[in-house]
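Residue numbering for the sequence shown follows full-length UniProt numbering, beginning at 1 and increasing consecutively. The beta-carbon is built from N, C-alpha and C at its ideal position, and this holds for glycine as well.
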Amino acid sequence: MGVMNGYQKRVNHDLVVSKVAFQDRYIKLKQKYAKSLVDNWSESTDPRKHVFEDIAIAAFLIEFWNKIYEDKQQFEFRDLGCGNGLLCYILIMEGYRGIDLILHKDKCLQI
């Protein structure tokens with residue numbers, strides 16, 4: 001419909017990370033972690049939102065880091081914030097080195 005009305009795309013996505021690489025990584029991480037994380041969710045929040053969101057963020061970061069670093073041991077990441085630690089858990093389980101600086105200990109993921 002946009003083409004018929006003279007729409008011209010002004011934004012090009014997939015410039016930072018390939019959509020295909022991201023999707024492939026997301027599927028792998030989802031298959032590996034989603035069921036266990038959702039089934040063992042200990043927070044009062046909806047695990048379907050947080051688990052799949054953090055898997056997507058992890059997939060993006062892994063593909064981005066693969067582009068800029070030759071080896072995952074060349075760097076360490078820091079997660080600064082008041083999240084539940086799930087993103088760091090996934091990244092560390094995938095072999096990346098990093099630290100989650102949690103501001104509210106009572107909001108931590110218990111795995």
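For residue i, count neighbouring Cβ atoms within 10 angstroms of its own Cβ and tell me buried if that reaches 16, exposed if not.
{"i": "glutamate 76", "result": "exposed"}
{"i": "asparagine 5", "result": "exposed"}
{"i": "arginine 25", "result": "buried"}
{"i": "leucine 86", "result": "buried"}
Going by DSSP, what residue range makes up the beta strand (DSSP E) through residue i?
{"i": "arginine 78", "result": "76–81"}
Distance check for residue j and residue i, CA to CA, integer angstroms please.
{"i": "glutamine 74", "j": "tryptophan 65", "result": "10 Å"}
{"i": "valine 20", "j": "methionine 93", "result": "22 Å"}
{"i": "isoleucine 62", "j": "isoleucine 55", "result": "10 Å"}
{"i": "phenylalanine 52", "j": "alanine 34", "result": "7 Å"}
{"i": "glutamine 81", "j": "tyrosine 7", "result": "In the sequence under discussion, the amino acid at residue 81 is glycine, which differs from the glutamine named in the question. Taking the straight line joining both Cα atoms gives about 40 Å."}
Quick check on this structure: which residue in the options has the alpha carbon closest to the alpha carbon of residue i?
{"i": "glycine 83", "options": "Asp100, Arg10 and Val11", "result": "Asp100"}
{"i": "glutamine 31", "options": "Ala59, Val16, Ser42 and Glu70", "result": "Ala59"}
Kindly indicate the opening and closing residues of the alpha helix (DSSP H) around residue i.
{"i": "aspartate 100", "result": "First-last for aspartate 100: 97–102, but that is the beta strand (DSSP E), not the alpha helix (DSSP H)."}
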